[in-house]
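Number of protein chains: 4
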Amino acid sequence: MEVWVKKAEQSTREKILDVALDVLIEEGGRGTTFRKIATKAQLSPGTITYHFNDLNQLLLAAFRRMVETIASAFAERLRRAQNREEAREAVADLICGDVWASSCNMLLSFELYSLAARREGYRQVLQEWMARSRDALHLHFDMKTARALDALIEGYTIHNLHNDIPVSREEILDTITAVTR
Amino acid sequence: MEVWVKKAEQSTREKILDVALDVLIEEGGRGTTFRKIATKAQLSPGTITYHFNDLNQLLLAAFRRMVETIASAFAERLRRAQNREEAREAVADLICGDVWASSCNMLLSFELYSLAARREGYRQVLQEWMARSRDALHLHFDMKTARALDALIEGYTIHNLHNDIPVSREEILDTITAVTR
Amino acid sequence: MEVWVKKAEQSTREKILDVALDVLIEEGGRGTTFRKIATKAQLSPGTITYHFNDLNQLLLAAFRRMVETIASAFAERLRRAQNREEAREAVADLICGDVWASSCNMLLSFELYSLAARREGYRQVLQEWMARSRDALHLHFDMKTARALDALIEGYTIHNLHNDIPVSREEILDTITAVTR
Amino acid sequence: MEVWVKKAEQSTREKILDVALDVLIEEGGRGTTFRKIATKAQLSPGTITYHFNDLNQLLLAAFRRMVETIASAFAERLRRAQNREEAREAVADLICGDVWASSCNMLLSFELYSLAARREGYRQVLQEWMARSRDALHLHFDMKTARALDALIEGYTIHNLHNDIPVSREEILDTITAVTR
DNA sequence: CATGAATGAGAATTCATTCAT
DNA sequence: GATGAATGAATTCTCATTCAT
Numbered sequence: 005m006e007v008w009v010k011k012a013e014q015s016t017r018e019k020i021l022d023v024a025l026d027v028l029i030e031e032g033g034r035g036t037t038f039r040k041i042a043t044k045a046q047l048s049p050g051t052i053t054y055h056f057n058d059l060n061q062l063l064l065a066a067f068r069r070m071v072e073t074i075a076s077a078f079a080e081r082l083r084r085a086q087n088r089e090e091a092r093e094a095v096a097d098l099i100c101g102d103v104w105a106s107s108c109n110m111l112l113s114f115e116l117y118s119l120a121a122r123r124e125g126y127r128q129v130l131q132e133w134m135a136r137s138r139d140a141l142h143l144h145f146d147m148k149t150a151r152a153l154d155a156l157i158e159g160y161t162i163h164n165l166h167n168d169i170p171v172s173r174e175e176i177l178d179t180i181t182a183v184t185r
Numbered sequence: 005m006e007v008w009v010k011k012a013e014q015s016t017r018e019k020i021l022d023v024a025l026d027v028l029i030e031e032g033g034r035g036t037t038f039r040k041i042a043t044k045a046q047l048s049p050g051t052i053t054y055h056f057n058d059l060n061q062l063l064l065a066a067f068r069r070m071v072e073t074i075a076s077a078f079a080e081r082l083r084r085a086q087n088r089e090e091a092r093e094a095v096a097d098l099i100c101g102d103v104w105a106s107s108c109n110m111l112l113s114f115e116l117y118s119l120a121a122r123r124e125g126y127r128q129v130l131q132e133w134m135a136r137s138r139d140a141l142h143l144h145f146d147m148k149t150a151r152a153l154d155a156l157i158e159g160y161t162i163h164n165l166h167n168d169i170p171v172s173r174e175e176i177l178d179t180i181t182a183v184t185r
Numbered sequence: 005m006e007v008w009v010k011k012a013e014q015s016t017r018e019k020i021l022d023v024a025l026d027v028l029i030e031e032g033g034r035g036t037t038f039r040k041i042a043t044k045a046q047l048s049p050g051t052i053t054y055h056f057n058d059l060n061q062l063l064l065a066a067f068r069r070m071v072e073t074i075a076s077a078f079a080e081r082l083r084r085a086q087n088r089e090e091a092r093e094a095v096a097d098l099i100c101g102d103v104w105a106s107s108c109n110m111l112l113s114f115e116l117y118s119l120a121a122r123r124e125g126y127r128q129v130l131q132e133w134m135a136r137s138r139d140a141l142h143l144h145f146d147m148k149t150a151r152a153l154d155a156l157i158e159g160y161t162i163h164n165l166h167n168d169i170p171v172s173r174e175e176i177l178d179t180i181t182a183v184t185r
Numbered sequence: 005m006e007v008w009v010k011k012a013e014q015s016t017r018e019k020i021l022d023v024a025l026d027v028l029i030e031e032g033g034r035g036t037t038f039r040k041i042a043t044k045a046q047l048s049p050g051t052i053t054y055h056f057n058d059l060n061q062l063l064l065a066a067f068r069r070m071v072e073t074i075a076s077a078f079a080e081r082l083r084r085a086q087n088r089e090e091a092r093e094a095v096a097d098l099i100c101g102d103v104w105a106s107s108c109n110m111l112l113s114f115e116l117y118s119l120a121a122r123r124e125g126y127r128q129v130l131q132e133w134m135a136r137s138r139d140a141l142h143l144h145f146d147m148k149t150a151r152a153l154d155a156l157i158e159g160y161t162i163h164n165l166h167n168d169i170p171v172s173r174e175e176i177l178d179t180i181t182a183v184t185r
């Protein structure tokens with residue numbers, strides 16, 4: 005009985021977080037409101053504030069959840085690589101594929117960047133995220149190379165998102181190779 | 005007389021745009037409102053809507069103004085380079101120095117990324133910006149290398165902004181060299 | 005032209021203040037809300053906050069207005085008294101009549117007492133009020149007697165308000181006489 | 005067993021009432037809410053409504069409790085007086101001391117006055133309180149004098165609460181003497 | 001050109017209260 | 001008896017925008 009109650013409680017909280025990320029993706033930071041989250045989650049506004057004291061805490065928790073998901077997938081993809089060559093392929097996948105560079109994740113990251121530059125809580129979440137990415141790259145490359153690859157991943161994915169013609173995987177792999185030689 | 009009137013109008017317009025960018029930097033996209041712009045510009049709300057029909061048009065014009073300023077400085081720095089070696093130094097400067105990577109510009113770019121992903125007008129502004137950056141790099145490097153350098157600039161500056169310890173200029177120059185060999 | 009505009013503006017402000025006092029009288033402190041004031045004044049909520057930054061400032065201004073009105077009437081009644089005997093009659097009138105002891109004023113004073121005990125702004129308003137009352141009594145009586153009469157006015161009016169059978173004017177005049185002998 | 009259960013219930017009920025009075029004192033009528041009471045009492049909101057159907061009944065019960073306490077202390081102080089002279093001293097004590105005129109009691113009385121003027125239930129509580137006060141004074145003084153003293157107690161304590169410099173006990177005793185001669 | 005009073009929709013949040021457990 | 005998740009109405013206040021002057 006108690007277990008059921010706890011599960012129900014958790015699922016409401018998590019539902020709210022998931023919906024919050026959805027709204028952030030759809031509406032952007034400027035358009036993300038308590039109301040829209042409540043409506044989309046089919047919950048009353050009171051239920052949202054019951055679980056999160058204010059919108060800030062809600063967004064913070066949502067971003068933490070997002071980072072956890074993305075960073076895990078990111079690390080997982082790199083962990084599957086058996087050698088340096090496969091690691092290069094993994095990085096290319098991260099840039100071109102859906103693991104990291106899904107437009108959803110990109111959109112969320114822009115919002116997080118915006119918030120992280122102005123508020124401590126978000127900054128911590130972002131720093132943890134970046135640290136986990138570098139650490140995952142560090143499985144296969146020295147720290148300096150990891151930082152360079154991380155920059156490339158960041159830059160290529162952003163530019164690919166905003167350009168109609170994305171840079172080809174082949175071209176990206178060439179750059180990766182140049183940096184990891 | 006007409007000239008004087010036009011100048012006065014223009015100066016109010018530009019003041020509004022500058023203040024709008026200030027507010028965007030200070031408050032982020034979520035916190036940027038008509039009111040704050042009006043207050044900070046010491047203008048009545050009516051004056052703002054007199055010059056810009058709505059907040060969207062105002063922000064769009066402000067971003068256009070920002071892009072013009074930044075892209076010019078970016079191109080100028082690269083134009084000063086006399087050879088490939090100096091061009092590499094110029095790229096390092098763009099990443100480490102104040103021309104592009106001032107935190108203000110970064111903050112504005114995050115907001116623009118967020119908006120560009122969802123609305124056509126902003127998307128055009130951003131694409132023009134990216135095109136101008138690549139073209140400036142293309143003065144010294146082939147298009148493929150220009151894209152790679154652009155990605156590096158993007159990625160390194162973002163990570164430097166959000167990390168307490170920025171990547172050293174030396175390390176960055178090494179990566180630039182590797183990509184441009 | 006300008007004069008007309010200023011008058012219009014002032015009349016809205018004053019209308020709001022008057023309505024706020026009405027709502028305070030009808031609903032008491034617990035029931036006085038922005039909304040009720042706006043509805044009763046037939047103004048949109050935005051108009052209220054346009055004139056008063058928040059409910060606190062509005063209530064403060066309303067109480068200031070009330071104190072000004074009541075204290076003036078109080079002093080005026082005492083000023084009309086030509087001698088000690090007439091002054092005693094005036095005090096009796098203040099307790100029994102409508103000048104001061106209208107139930108409306110009493111109700112407002114309770115709310116002010118409640119707020120004054122907890123917030124500085126209201127406390128100042130109340131202290132000024134009490135000072136003006138004592139000063140008005142001091143026109144005819146020494147300060148010590150003025151304080152005693154002031155206490156009597158306060159106490160008798162409160163008890164009369166809350167009791168079904170009010171104390172008679174004659175009995176009150178006897179007490180006044182006892183205190184002013 | 006049943007006894008134990010009943011005792012536990014009662015103690016929760018009384019705890020709620022005490023906390024409600026605390027909140028009323030701290031926050032005033034406008035700021036007294038179900039939630040604050042529940043939080044301060046470390047009880048869940050459901051527990052409060054279990055004991056009191058609604059906030060009104062809770063406040064009413066709380067005021068009844070308060071009146072019982074204060075009126076008993078008031079009467080007790082007067083009952084200790086052996087003669088008219090001691091009774092005058094007792095009244096002075098009630099005005100200057102802690103028995104009645106503690107600022108807490110005053111604060112609660114303002115809230116009760118506010119509520120009593122608008123709602124029947126509270127009005128009854130207040131009238132009973134005033135009757136008990138007058139009856140206690142009537143032990144030593146005729147009814148007319150009791151009413152005058154009661155007004156003096158009311159007025160002096162209110163004014164002392166709100167003024168930085170309270171009226172001296174000596175001065176108050178003089179007024180009491182004048183009224184009771 | 002510029003103003004600022006006015007607006008009403010919508011923002012975040014709080015509220016008393018319910019009810020299944 | 002007690003809990004606490006959930007509710008939705010109501011709260012204060014902000015918002016972009018309008019318009020008469």
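Chains as they are written, first to last, in my numbering: chain A, 5 to 185; chain B, 5 to 185; chain C, 5 to 185; chain D, 5 to 185. Ideal placement from N, C-alpha and C gives every residue a C-beta, glycine not left out.
Sequence-distant residues of its chain with Cβ nearer than 7 Å to residue i (five each side left out)
{"i": "W133(A)", "result": "V71 and A75"}
{"i": "Q179(B)", "result": "Residue identity check: residue 179(B) is Thr in the sequence provided, not Gln. Closer than 7 Å at Cβ, skipping near neighbours: L156."}
{"i": "G125(D)", "result": "L64"}
{"i": "R92(A)", "result": "L177, I180, T181 and T184"}
{"i": "L21(A)", "result": "A65, A66 and R69"}
{"i": "D26(C)", "result": "K44"}
{"i": "E90(B)", "result": "none"}
Short Cβ contact (7 Å threshold) for residue i with residue j
{"i": "T36(C)", "j": "L28(C)", "result": "yes"}
{"i": "L111(B)", "j": "A120(B)", "result": "no"}
{"i": "R173(B)", "j": "A85(B)", "result": "no"}
{"i": "A152(B)", "j": "V171(B)", "result": "no"}
{"i": "A135(B)", "j": "A79(B)", "result": "no"}
Residue i burial status per 10 Å Cβ neighbour count (16 or more: buried)
{"i": "M147(B)", "result": "exposed"}
{"i": "S137(D)", "result": "buried"}
{"i": "Y160(C)", "result": "buried"}
{"i": "E6(A)", "result": "Confidence in E6(A) is poor, its pLDDT being 40 and thus under 50, which makes the residue's placement unreliable; the coordinate value appears in the next sentence. When all chains shown are included, E6(A) counts as exposed."}
{"i": "A24(D)", "result": "buried"}
{"i": "D154(A)", "result": "buried"}
{"i": "N1(D)", "result": "For chain D, the structure presents residues 5 to 185; residue 1(D) sits outside this window and is missing."}
{"i": "T73(A)", "result": "exposed"}
{"i": "I99(B)", "result": "buried"}
{"i": "I169(C)", "result": "exposed"}
{"i": "N164(D)", "result": "buried"}
For residue j and residue i, the rounded distance between their alpha carbons
{"i": "I41(A)", "j": "K19(A)", "result": "10 Å"}
{"i": "G33(D)", "j": "E30(C)", "result": "15 Å"}
{"i": "A66(A)", "j": "L62(B)", "result": "31 Å"}
{"i": "G50(A)", "j": "R83(C)", "result": "57 Å"}
{"i": "E113(D)", "j": "S107(D)", "result": "Note that residue 113(D) is Ser in the sequence shown, not Glu. If you take the alpha carbons of S113(D) and S107(D), they lie about 10 Å apart."}
{"i": "S15(A)", "j": "E115(A)", "result": "25 Å"}
{"i": "L59(C)", "j": "N167(A)", "result": "50 Å"}
{"i": "H144(D)", "j": "N87(D)", "result": "7 Å"}
{"i": "F38(D)", "j": "V103(C)", "result": "38 Å"}
{"i": "I52(A)", "j": "Y117(A)", "result": "25 Å"}
{"i": "E158(A)", "j": "E158(B)", "result": "7 Å"}
{"i": "A150(C)", "j": "R127(D)", "result": "31 Å"}
{"i": "I162(A)", "j": "N57(A)", "result": "33 Å"}
{"i": "E175(D)", "j": "R123(D)", "result": "37 Å"}
{"i": "G101(B)", "j": "A77(B)", "result": "12 Å"}
Close-in-space but distant-in-sequence residues of the same chain around residue i (CB under 6 Å, 5 per side omitted)
{"i": "A94(C)", "result": "R81, L82 and A85"}
{"i": "R17(D)", "result": "H55"}
{"i": "H142(D)", "result": "A150"}
- Query: Can you list, in chain order, the stretches of the alpha helix (DSSP H) that have 4 or more residues and sit fully within the stretch 109-181 of chain D?
  - Reply: 124-142 and 147-166
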